[in-house]
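Residue numbers (UniProt numbering): 1 to 119. Quick reminder that beta carbons are idealized off the backbone N, C-alpha and C, glycines included.
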Amino acid sequence: MGLFNRRKKPVAPAAPLTGNADDDQLLAILATTPGGPDAPRDWVHYLYCATAEGAAAMEARAAEAGWSVRRVHEGEGIVASRQDLAVTAQAVIECRAFFEALAASVDGGEYDGWEASAG
């Protein structure tokens, strides 16, 4: 009888989209915002390294790839941003690969992740 089956059935967790739990969590949040995942957003990535020379190298490569870049942390890190990209699962995968490789190319390089505007 249907009267006693009103309890909601558990919902299975969503399948990973990117292979990175933090990225998937941020994408799930962005999916609930105006425009959903296909809206262009202010998208910011954070990278750090051991030397100002490393930061200069990261800055140059990120700028060549179309990112607006500024130096941070006493010249030993960069913030790269764009406002013209949709933050989709595929874009996140590609950007994470790019920025992780960029950080790995300099002494003490570290990719510290990303954030995006909500709308």
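Beta-bridge pairing by DSSP links residue 47 to 78 and 111. For residue 18, the closest alpha carbon among the candidates 89, 107 and 95 is that of 89. With respect to residue 29, residue 55 sits apart: the two C-beta atoms are not nearer than 7 Å. Of the other Cβ atoms in all chains shown, 16 or more fall within 10 Å of the Cβ of residue 76; this residue is therefore buried.
Scanning 44, 108, 20 and 93 for the CA closest to the CA of residue 53 turns up 108. For the 7 Å CB-CB criterion, residue 59 and residue 69 form a contact.
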